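Numbering (the working numbering), first residue to last: 1 to 142.
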């Protein structure tokens, strides 16, 4: 047996308040393929079809903590087209510089002498090492 105390009606959250606190559900991604970007699989690139009106190809760069940077196919193509500029910035230590690709901003920095690339959208920021982003671009070539 479990004891569940009765709540006063004043303490029960209203329906609208409960709905406002509910997590927003995304559409389902089907026929997806996930590629590990690191040896541990901590960072990944996932390509799939987002089912919803209308269905479309969706590319997600994410990590095992639930952070996902979701890119449209146009933004992904733009990022891929900028790969040479990104590689040049990494090679030439362009710390503090940034490249904008649609809604995505690519920033460069260093942490303890490691070159870091930060991919930022309006609500998500993912950081990865030079080797991880170069590996991601090499995946796209194959």
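Each residue gets a CB set at the ideal place from its N, CA and C atoms; glycine is no exception.
As the structure is a prediction and not an experimental result, all values here were calculated from the model.
Close Cβ partners of residue i (< 6 Å) along its chain, the five nearest in sequence each way excluded
i, result
"residue 127", "116 and 118"
"residue 47", "33 and 59"
"residue 64", "42"
Nonlocal neighbours in the same chain, by C-beta distance under 8 Å from residue i, ignoring five residues either side
i, result
"residue 129", "114, 115, 116 and 117"
"residue 80", "137 and 140"
Length of the line joining the Cα atoms of residue i and residue j
i, j, result
"residue 69", "residue 92", "26 Å"
"residue 52", "residue 60", "16 Å"
"residue 111", "residue 54", "41 Å"
"residue 42", "residue 134", "16 Å"
"residue 89", "residue 108", "8 Å"
"residue 40", "residue 125", "20 Å"
"residue 96", "residue 31", "38 Å"
"residue 77", "residue 83", "10 Å"
Close Cβ partners of residue i (< 7 Å) along its chain, the five nearest in sequence each way excluded
i, result
"residue 105", "98 and 120"
"residue 50", "27, 29, 56 and 58"
"residue 75", "101, 102, 103 and 104"
"residue 85", "99"
Simplified DSSP state of residue i, which is helix, strand or coil
i, result
"residue 138", "helix"
"residue 131", "helix"
"residue 35", "strand"
"residue 52", "coil"
"residue 57", "strand"
"residue 28", "strand"
Beta-carbon separation (whole angstroms), residue i vs residue j, contact threshold 8 Å
i, j, result
"residue 37", "residue 132", "5 Å"
"residue 62", "residue 44", "6 Å"
TODO: Any chance you could list the beta strand (DSSP E) runs of at least 3 consecutive residues sitting entirely within the segment 59 to 93, in chain order?
DONE: With a minimum length of 3 residues, the unbroken runs of beta strand (DSSP E) contained wholly in the segment 59 to 93 fall at 68 to 71.
TODO: Run through the segment 89 to 119 for me and flag every whole alpha helix (DSSP H) of 4 or more residues, listed as ranges in chain order.
DONE: For the segment 89 to 119, not a single whole alpha helix (DSSP H) run of length 4 or above is found.
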